[in-house]
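As given, the protein sequences belong to chains A and B, one line each in that order.
Be aware that the first sequence starts at 81, since it is given in the numbering used here, and climbs by one per residue.
Be aware that the second sequence starts at 81, since it is given in the numbering used here, and climbs by one per residue.
C-beta: ideal position from N, C-alpha, C; glycine also.
Computed from a prediction, not measured in an experiment: that's the story for all the values here.
Worksheet for the structure shown next.
2 protein chains.
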Amino acid sequence: MTAILPFDKVALIGLGLIGSSLAHAIRRGGLSSRIAGHAQSAATRSKAMEIGLVDEVHDTPALAVAGADLVILCIPVGACGPVAAQISASLKPGAILSDVGSVKAAIIRDVAPHVPSAVHFIPGHPIAGTEQSGPESGFAELFDQRWCVLTPPPGAEETAIERLEAFWRGCGSNVERMTAEHHDLVLAITSHVPHLIAYNIVGTAADLETVTQSEVIKFSAGGFRDFTRIAASDPVMWRDVFLNNRDAVLEMLGRFSEDLSALQRAIRWGDGDALFDLFTRTRAIRRGIIDAGQDSATADFGRPHGKQS
Amino acid sequence: MTAILPFDKVALIGLGLIGSSLAHAIRRGGLSSRIAGHAQSAATRSKAMEIGLVDEVHDTPALAVAGADLVILCIPVGACGPVAAQISASLKPGAILSDVGSVKAAIIRDVAPHVPSAVHFIPGHPIAGTEQSGPESGFAELFDQRWCVLTPPPGAEETAIERLEAFWRGCGSNVERMTAEHHDLVLAITSHVPHLIAYNIVGTAADLETVTQSEVIKFSAGGFRDFTRIAASDPVMWRDVFLNNRDAVLEMLGRFSEDLSALQRAIRWGDGDALFDLFTRTRAIRRGIIDAGQDSATADFGRPHGKQS
Numbered sequence: 081m082t083a084i085l086p087f088d089k090v091a092l093i094g095l096g097l098i099g100s101s102l103a104h105a106i107r108r109g110g111l112s113s114r115i116a117g118h119a120q121s122a123a124t125r126s127k128a129m130e131i132g133l134v135d136e137v138h139d140t141p142a143l144a145v146a147g148a149d150l151v152i153l154c155i156p157v158g159a160c161g162p163v164a165a166q167i168s169a170s171l172k173p174g175a176i177l178s179d180v181g182s183v184k185a186a187i188i189r190d191v192a193p194h195v196p197s198a199v200h201f202i203p204g205h206p207i208a209g210t211e212q213s214g215p216e217s218g219f220a221e222l223f224d225q226r227w228c229v230l231t232p233p234p235g236a237e238e239t240a241i242e243r244l245e246a247f248w249r250g251c252g253s254n255v256e257r258m259t260a261e262h263h264d265l266v267l268a269i270t271s272h273v274p275h276l277i278a279y280n281i282v283g284t285a286a287d288l289e290t291v292t293q294s295e296v297i298k299f300s301a302g303g304f305r306d307f308t309r310i311a312a313s314d315p316v317m318w319r320d321v322f323l324n325n326r327d328a329v330l331e332m333l334g335r336f337s338e339d340l341s342a343l344q345r346a347i348r349w350g351d352g353d354a355l356f357d358l359f360t361r362t363r364a365i366r367r368g369i370i371d372a373g374q375d376s377a378t379a380d381f382g383r384p385h386g387k388q389s
Numbered sequence: 081m082t083a084i085l086p087f088d089k090v091a092l093i094g095l096g097l098i099g100s101s102l103a104h105a106i107r108r109g110g111l112s113s114r115i116a117g118h119a120q121s122a123a124t125r126s127k128a129m130e131i132g133l134v135d136e137v138h139d140t141p142a143l144a145v146a147g148a149d150l151v152i153l154c155i156p157v158g159a160c161g162p163v164a165a166q167i168s169a170s171l172k173p174g175a176i177l178s179d180v181g182s183v184k185a186a187i188i189r190d191v192a193p194h195v196p197s198a199v200h201f202i203p204g205h206p207i208a209g210t211e212q213s214g215p216e217s218g219f220a221e222l223f224d225q226r227w228c229v230l231t232p233p234p235g236a237e238e239t240a241i242e243r244l245e246a247f248w249r250g251c252g253s254n255v256e257r258m259t260a261e262h263h264d265l266v267l268a269i270t271s272h273v274p275h276l277i278a279y280n281i282v283g284t285a286a287d288l289e290t291v292t293q294s295e296v297i298k299f300s301a302g303g304f305r306d307f308t309r310i311a312a313s314d315p316v317m318w319r320d321v322f323l324n325n326r327d328a329v330l331e332m333l334g335r336f337s338e339d340l341s342a343l344q345r346a347i348r349w350g351d352g353d354a355l356f357d358l359f360t361r362t363r364a365i366r367r368g369i370i371d372a373g374q375d376s377a378t379a380d381f382g383r384p385h386g387k388q389s
């Protein structure tokens with residue numbers, strides 16, 4: 081019988097923020113004897129070699145996955161199907177194939193047809209990130225105390241699921257299982273729509289004629305700058321999220337817009353009570369997030385005040 | 081001739097986040113020989129005495145402003161008119177009367193009629209804050225490297241404006257002058273609309289039937305938690321902002337909604353290029369804000385990862 085942990089060899093396909101953070105977390109946790117990696121860009125592969133991010137860097141995903149017991153696709157959602165097709169024949173029988181995509185139903189739709197029957201396909205999504213990208217942006221603590229959602233398809237082997245759960249717990253995460261469809265609905269409201277409206281307001285501000293871009297930048301400390309952090313996230317990754325979680329995003333966006341119209345009406349008609357009621361109610365959710373250990377209670381997230389680096 | 085600084089006596093009407101931060105900044109900078117304070121709530125007045133926030137705590141605003149060379153209203157926008165009426169007869173001839181409200185045209189409309197002709201009324205707005213409130217939330221560094229906008233009415237005395245500018249620079253701020261109307265337009269996009277949409281999405285998330293509140297809290301690290309920080313700001317202050325900057329907020333909100341409809345359409349029709357273009361363009365604004373020293377360049381604002389306090 082195979083030991084739960086460590087794996088003999090983990091292959092990370094994609095060495096951006098999540099892939100590189102996983103490399104650090106795997107080393108910190110002693111979760112694999114070897115780590116192989118592949119990145120699409122030659123510059124990223126060179127950088128990964130130079131900084132010793134993984135034990136082996138390969139020019140193709142197929143070479144990287146050969147002999148690996150766990151393969152994790154750490155690439156944009158739209159790239160998962162094509163890459164699955166490329167690695168299909170090289171996957172080791174008995175291996176676990178997973179991913180870290182922010183969308184799950186579309187990944188299953190695109191990847192499952194390429195998975196050999198002797199391979200355990202168990203999609204995953206660590207709910208963690210920063211606005212930075214690239215092989216040097218990763219750090220071992222990224223997943224600590226964050227949730228990782230696994231969406232095993234019906235009939236997935238329980239032992240394989242438990243091995244993957246142990247792996248993510250070894251990376252510092254809490255683990256939860258749910259269906260791909262429910263995951264996509266939850267993430268639409270906790271992540272996808274927030275990113276969309278952050279991108280949107282930053283775009284709106286950039287296009288104004290009555291307020292200059294330099295004024296927007298100077299006076300951003302009033303609230304706007306928090307949105308720009310989110311709107312600085314990786315464009316390819318987020319394009320793929322919206323194209324691949326269309327229905328849930330449109331559903332949540334419809335509700336957001338409906339609620340915003342009601343607020344707009346309250347402002348137009350001077351209904352201070354309606355505004356006050358909402359503004360009071362929303363404080364409770366913040367308290368819940370802090371109590372659950374999902375954010376810092378210090379003012380401004382503990383962001384340094386005074387001179388910024 | 082009066083020296084530019086320090087003042088003999090500054091009176092702070094309101095001892096919340098901004099009033100208490102001003103008390104600390106005045107002490108740090110040696111900007112006044114004495115600081116008098118008033119707060120509406122008896123509990124806040126006791127707390128201010130207990131922690132030695134100011135030199136004198138008074139039960140009424142009129143008592144606090146007696147003999148003060150600089151009076152700053154640090155109270156919600158809607159309270160400024162009534163308080164101005166209360167203190168009018170007690171203001172010292174030659175004194176400067178200012179405020180810190182996030183809206184300027186409405187403050188001038190409400191306060192100016194109560195200002196005696198021998199008093200210099202120069203509205204101001206420090207663009208700085210955190211999501212916390214109350215007399216213990218203040219700290220001296222809050223205004224460091226942030227902008228303070230002054231909106232002197234036509235005909236205001238230049239010497240008085242310069243004294244107030246020197247005061248804010250002594251608090252660590254950069255100072256800029258503009259008209260009240262332009263201020264209200266700039267802040268609508270950099271602060272008011274961002275707060276409104278943050279409050280709105282937190283409300284939308286709280287009302288869903290398909291996703292539980294506990295799921296929203298657990299999986300908030302995907303982006304949502306940044307919005308909850310803003311949506312935990314003081315409800316009375318923000319109600320007053322929206323009631324008193326109605327036209328500029330509705331104008332900016334109209335543009336935001338228009339742009340959001342275009343994004344919604346791009347998602348519905350699978351227009352990845354339109355999404356990618358916007359998501360790339362918005363990164364430049366983030367870079368500008370960091371270069372201008374208005375935010376931290378470290379990932380997640382330098383928010384601690386792993387276990388949160």
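Take the alpha-carbon of residue 357 (chain A) and the one of residue 97 (chain B): they are about 21 Å apart. Annotation for residue 371 (chain B): no beta strand (DSSP E) segment contains it, though the alpha helix (DSSP H) segment containing it runs 352–371. Separation of residue 222 (chain B) and residue 208 (chain B) (C-alpha to C-alpha, rounded to the nearest whole angstrom) is 7 Å. Scanning its chain for C-beta atoms nearer than 8 Å, with the 5 sequence neighbours on each side dropped, one finds around residue 142 (chain A) the residues 166, 167, 169, 170, in chain order. Residues are counted here when their Cβ sits less than 8 Å from a Cβ of chain B; for the region 211–243 of chain A these are 211, 212, 217, 219, 221, 222, 224, 225, 226, 227, 229, given in chain order.
Under the three-state reduction of DSSP output, residue 184 (chain A) falls in the coil class, being neither helix nor strand.
Contact check between the region 265–285 of chain B and the region 240–256 of chain B: fewer than three CB pairs, one atom from each, fall below 8 Å, which does not count as touching.
At a C-beta separation below 7 Å, residue 264 (chain B) has no neighbours in chain A, since its nearest C-beta there lies roughly 11 Å away.
With respect to the C-alpha of residue 202 (chain B), the residue from B:185, B:177, B:278 having the closest C-alpha is B:177.
For residue 227 (chain A), DSSP records a beta bridge to A:254.
For residue 101 (chain A), no chain B residue has a Cβ inside 9 Å of its Cβ, as the nearest lies near 10 Å away. Within 8 Å of the CB of residue 289 (chain A), no CB atom of chain B is found; the nearest one sits about 11 Å away. In the three-state DSSP reduction, residue 245 (chain A) falls in the helix class (H, G or I).
In the displayed model, residue 172 (chain B) falls within coil according to three-state DSSP, outside both helix and strand. Taking the CA atoms as reference points, residue 252 (chain A) sits about 16 Å from residue 210 (chain A).
Using a 10 angstroms sphere on the CB of residue 366 (chain B), the tally of other CB atoms reaches 16 or more, which defines it as buried. About 5 Å separates the beta carbons of residue 319 (chain B) and residue 352 (chain A), which is inside the 8 Å limit, making them a contact pair.
According to the DSSP assignment, residue 115 (chain B) belongs to the beta strand (DSSP E) that extends over 112–118. For the region 82–97 of chain A, there are no residues whose beta carbon sits under 7 Å from a beta carbon of chain B. CA-to-CA, the gap between residue 303 (chain A) and residue 380 (chain A) works out to about 10 Å. Sequence-distant partners of residue 282 (chain A) (beyond 5 residues in either direction) whose C-beta falls short of 7 Å from its own C-beta, in its chain, are 307, 308, 311. Taken through DSSP and simplified to helix, strand or coil, residue 300 (chain A) comes out as helix. For residue 383 (chain B), at least one C-beta of chain A is nearer than 7 Å to its own C-beta. Contact with chain B is found for residue 306 (chain A), since one of that chain's Cβ atoms lies less than 7 Å from the residue's Cβ. In the displayed model, residue 213 (chain B) falls within coil according to three-state DSSP, outside both helix and strand. Contact between residue 337 (chain B) and residue 340 (chain A) is confirmed by a C-beta separation of about 7 Å, below the 8 Å threshold.
Between residue 354 (chain B) and residue 374 (chain A), the gap from beta carbon to beta carbon reaches 7 Å or more. Rounded to the nearest angstrom, the gap between the Cα atoms of residue 99 (chain A) and residue 316 (chain B) is 45 Å. The closest CA to that of residue 238 (chain B), considering only B:376, B:158, B:174, B:321, is found on B:174. Under the Cβ criterion (8 Å, minimum of three pairs), the region 81–94 of chain A counts as touching the region 104–124 of chain A. In its chain, beyond the 5 residues on either side, 351 have a beta carbon closer than 8 Å to the beta carbon of residue 345 (chain A). For residue 329 (chain B), the neighbours in chain A by C-beta distance under 8 Å run, in chain order, 347. Where residue 375 (chain B) is concerned, there is no enclosing beta strand (DSSP E), because DSSP gives it neither an H nor an E. Rounded to whole angstroms, the gap between the alpha carbons of residue 383 (chain A) and residue 219 (chain B) is 14 Å. Rounded to whole angstroms, the separation of the alpha carbons of residue 194 (chain A) and residue 145 (chain A) is 14 Å.
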